[in-house]
Amino acid sequence: AQIRSTNSFDYANYHTLEEIYNWMDELASEYPHLVTKEQIGSSYEGRPLYILKFSTGGNNRPSIWIDTGIHSREWVTQATGVWMAKKIASDYGNDESITSILDQMDIFIEIVTNPDGFHFTHTKNRMWRKTRSINAGTSCVGVDPNRNWDAGFGGPGASSQPCSETYRGPRANSEKEVKAIVDFVQAHGNIKAFVSIHSYSQLLLYPYGYTSTPVPDKQELHDLAQRAVSALSSLYGTSYRYGSIITTIYQASGGTIDWTYKQGIKYSYTFELRDNGRYGFLLPANQIIPTAQETWLAVKVIMEHTRDNPY
Amino acid sequence: NDSFIGDQVLRITANSEEQIYMLKDLAELDHLQLDVWREAVKPEDSMDIHVPHSSLQTVKAFLESHGISYSVMIEDVQSVVDHERAEMLAARST
Numbered sequence: 006a007q008i009r010s011t012n013s014f015d016y017a018n019y020h021t022l023e024e025i026y027n028w029m030d031e032l033a034s035e036y037p038h039l040v041t042k043e044q045i046g047s048s049y050e051g052r053p054l055y056i057l058k059f060s061t062g063g064n065n066r067p068s069i070w071i072d073t074g075i076h077s078r079e080w081v082t083q084a085t086g087v088w089m090a091k092k093i094a095s096d097y098g099n100d101e102s103i104t105s106i107l108d109q110m111d112i113f114i115e116i117v118t119n120p121d122g123f124h125f126t127h128t129k130n131r132m133w134r135k136t137r138s139i140n141a142g143t144s145c146v147g148v149d150p151n152r153n154w155d156a157g158f159g160g161p162g163a164s165s166q167p168c169s170e171t172y173r174g175p176r177a178n179s180e181k182e183v184k185a186i187v188d189f190v191q192a193h194g195n196i197k198a199f200v201s202i203h204s205y206s207q208l209l210l211y212p213y214g215y216t217s218t219p220v221p222d223k224q225e226l227h228d229l230a231q232r233a234v235s236a237l238s239s240l241y242g243t244s245y246r247y248g249s250i251i252t253t254i255y256q257a258s259g260g261t262i263d264w265t266y267k268q269g270i271k272y273s274y275t276f277e278l279r280d281n282g283r284y285g286f287l288l289p290a291n292q293i294i295p296t297a298q299e300t301w302l303a304v305k306v307i308m309e310h311t312r313d314n315p316y
Numbered sequence: 035n036d037s038f039i040g041d042q043v044l045r046i047t048a049n050s051e052e053q054i055y056m057l058k059d060l061a062e063l064d065h066l067q068l069d070v071w072r073e074a075v076k077p078e079d080s081m082d083i084h085v086p087h088s089s090l091q092t093v094k095a096f097l098e099s100h101g102i103s104y105s106v107m108i109e110d111v112q113s114v115v116d117h118e119r120a121e122m123l124a125a126r127s128t
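Listed below in structure tokens is the structure:
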């Protein structure tokens, strides 16, 4: 479907990959001095990996990264990414806080981080989680891209079995979708906050997942998580837990934000959005906007803290 | 298309470390084709598992025989998927 305007777009519904990519084009054309669409690579099946860059100028400014939907079946995350991208664009010049952030920093959003998997969820298997890469010697397809990063890769909390939903892959960064982000982050070199968004179970987590050793910045990350969760809960009373991955949910090696933290990105967080176990990955579309609205409040707290605490 | 007719998502609550290990072992039995939606790390945590229709009897019998409590979180996964698809189609035509 051709998107006519990002104002008339139905944010309260789930959309296909093509619709989201068309919507990205439209957003970039409506906000030409703020938003650009960039390709950072291509997926295993050859689909483009797009990010939206929000920038008011400058060169290699300190930046904030947000990704949604690395696990393709977590549809509320991609939908939240779409809503947040529109919110950033429309708030610039109207909201003091966002204007101030964008006057000093750039924001990058990768809305469909796993496009092959996302397309597969829309066409063949709604419950698909992994990438769609072929694994040699087995008929089982795909790698869990949140176990494929070079941080404790191959350790406990990831599977060596290709048929498992948490298969780590043959080596770190084997997945093109992961490698594209790794290359982008390293080439950029000035990312200061990295927020990776998942669903479900209502959690805000910081590193580590692969070891129980606390991160050096634990107290600051913990306090910031507390403030972010408090802001989130203020809208609809949604209850969140927060803490390090390993102490709050489970041990997981090769995870995204463990890698980003090791790269020196202090403000590395991952969300698990709504709900708390009624619909799981099948969250009704009428909860998209409330989920996005409350998540936005927490993300904003993290972005403001990043702006106010340069390092 | 993959079909989820008769599949259920069970919300399982283990009341001991031992039961958590038992559930992890259960989830790794390939022939049951279980899909862990949410893991449990400590007793009283909820664990959500998507169970194909063909494995439901086996899994429920296992849980009941070991005294592990559970409830049905999603009665029929396919009906929820169908509802979601219908909503999307309706929105698109609107």
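Residue numbers (the working numbering), protein chains in the order written: chain A, 6 to 316; chain B, 35 to 128.
For each residue, glycine too, the CB sits at the ideal point set by N, CA and C.
Nothing here was measured: the structure is a model prediction, and the numbers come from that model.
Of all the CB atoms in chain D, is at least one closer than 8 Å to the CB of residue i?
{"i": "Phe286 of chain A", "result": "Among the chains of the structure shown, chain D does not appear; the protein chains present are A and B."}
Can you give me the Cβ contacts of residue i inside the same chain, cut-off strictly under 7 Å, excluding the 5 residues immediately before and after it?
{"i": "Tyr97 of chain A", "result": "Leu39, Ile103, Thr104 and Leu107"}
{"i": "Lys267 of chain A", "result": "Ala156"}
{"i": "Cys145 of chain A", "result": "Pro167 and Cys168"}
{"i": "Thr118 of chain A", "result": "Asp72, Thr73, Gly74, Ile75 and Glu182"}
{"i": "Ala17 of chain A", "result": "Ala290, Asn291, Ile293 and Ile294"}
Mind pulling the chain A residues with CB within less than 8 Å of residue i?
{"i": "Val115 of chain B", "result": "Arg131 and Leu287"}
{"i": "Asn35 of chain B", "result": "Thr128, Lys129 and Asn130"}
{"i": "Val70 of chain B", "result": "Glu170"}
{"i": "His64 of chain B", "result": "At residue 64 of chain B the sequence reads Asp, which differs from the His that was named. Result: Cys168."}
{"i": "Ser80 of chain B", "result": "Gly282"}
{"i": "His100 of chain B", "result": "Per Cβ cutoff of 8 Å: no residues; His100 of chain B is ~21 Å from chain A at best."}
Please determine, among the options, the residue with the shortest C-alpha to C-alpha distance to residue i.
{"i": "Tyr49 of chain A", "options": "A:Gly282, A:Leu302 and A:Pro120", "result": "A:Pro120"}
{"i": "Ser169 of chain A", "options": "A:Asn314, A:Thr136 and A:Trp301", "result": "A:Thr136"}
{"i": "Ala303 of chain A", "options": "A:Gln207, A:Asn151 and A:Glu31", "result": "A:Gln207"}
{"i": "Thr41 of chain A", "options": "A:Gly51, A:Ser47, A:Arg52 and A:Tyr26", "result": "A:Tyr26"}
{"i": "Leu66 of chain B", "options": "B:Ile108, B:Gln91 and B:Ser80", "result": "B:Gln91"}
{"i": "Thr128 of chain A", "options": "A:Leu229, A:Val183 and A:His20", "result": "A:His20"}
{"i": "Asp111 of chain A", "options": "A:Ile56, A:Thr143, A:Asn18 and A:Val87", "result": "A:Ile56"}
{"i": "Met308 of chain A", "options": "A:Phe286, A:Gly162 and A:Ala233", "result": "A:Ala233"}
{"i": "Arg9 of chain A", "options": "A:Glu180, A:Asn18 and A:Met29", "result": "A:Met29"}
{"i": "His87 of chain B", "options": "B:Val106, B:Met81 and B:Glu121", "result": "B:Val106"}
{"i": "Ser103 of chain B", "options": "B:Asn35, B:Met81 and B:Val70", "result": "B:Met81"}
{"i": "Gly259 of chain A", "options": "A:Tyr215, A:Thr61 and A:Glu180", "result": "A:Tyr215"}
{"i": "Ser179 of chain A", "options": "A:Gly194, A:Gln191, A:Gly162 and A:Asn151", "result": "A:Asn151"}
{"i": "Val114 of chain B", "options": "A:Tyr36, A:Lys305 and A:Pro289", "result": "A:Pro289"}
{"i": "Leu44 of chain B", "options": "B:Asp64, B:Glu51 and B:Val93", "result": "B:Val93"}
Within 10 angstroms of its Cβ, does residue i collect 16 or more other Cβ (buried), or is it exposed?
{"i": "Gln53 of chain B", "result": "buried"}
{"i": "Ile39 of chain B", "result": "exposed"}
{"i": "Ser89 of chain B", "result": "buried"}
{"i": "Gly51 of chain A", "result": "exposed"}
{"i": "Ile46 of chain B", "result": "buried"}
So which residues on chain B does residue i lean against when the C-beta distance must stay under 9 Å?
{"i": "Asp15 of chain A", "result": "Ala125, Arg126 and Thr128"}
{"i": "Gly142 of chain A", "result": "None at all; the shortest Cβ gap to chain B is about 15 Å."}
{"i": "Ser258 of chain A", "result": "Residues of chain B passing the Cβ test: none, with the nearest at roughly 14 Å."}
For residue i, which residues in chain B fall below 7 Å Cβ to Cβ?
{"i": "Tyr255 of chain A", "result": "Glu73 and Val75"}
{"i": "Asn27 of chain A", "result": "Under the 7 Å cutoff, chain B gives no residues; its nearest Cβ is about 13 Å from Asn27 of chain A."}
{"i": "Ser206 of chain A", "result": "Arg72"}
Keeping to the same chain, check which residues put their C-beta closer than 6 Å to that of residue i; ignore five residues upstream and five downstream.
{"i": "His124 of chain A", "result": "Leu22"}
{"i": "Ile270 of chain A", "result": "Ile196 and Phe199"}
{"i": "Leu229 of chain A", "result": "His310"}
{"i": "Ile83 of chain B", "result": "Leu44, Leu68 and Val70"}
{"i": "Ala90 of chain A", "result": "Leu57 and Ile114"}
So which residues of chain B does residue i contact, with C-beta pairs closer than 8 Å?
{"i": "Arg283 of chain A", "result": "Met107"}
Interface residues of chain A around residue i at Cβ under 7 Å?
{"i": "Val43 of chain B", "result": "Gly285"}
Below 8 Å CB to CB, which residues in the same chain sit around residue i once its five sequence neighbours on both sides are set aside?
{"i": "Gln112 of chain B", "result": "Ser37, Phe38, Ile39, Gly40 and Asp41"}
{"i": "Ile202 of chain A", "result": "Ile71, Asp72, Thr73, Gly74, Thr82, Thr85, Gly86, Thr275, Phe276, Leu278 and Thr300"}
{"i": "Arg312 of chain A", "result": "Ser105, Ile106, Gln109 and Met110"}
What does residue i reach in chain A if we use C-beta pairs closer than 9 Å?
{"i": "Glu121 of chain B", "result": "Asn18, Tyr19, Pro289, Ala290 and Asn291"}
{"i": "Glu51 of chain B", "result": "By Cβ distance, chain A contributes nothing, its closest Cβ being about 13 Å from Glu51 of chain B, past 9 Å."}
{"i": "His87 of chain B", "result": "Neighbours of His87 of chain B on chain A: none; closest Cβ ~14 Å, over 9 Å."}
- Query: Would you say the region 260-280 of chain A touches the region 77-93 of chain A, given that touching needs at least three Cβ pairs under 8 Å?
  - Reply: yes
- the region 173-190 of chain A contacting the region 207-222 of chain A, beta-carbon criterion three pairs below 8 Å: no
- Item | Cβ contact (3+ pairs, closer than 8 Å) linking the region 249-261 of chain A and the region 67-83 of chain B | yes
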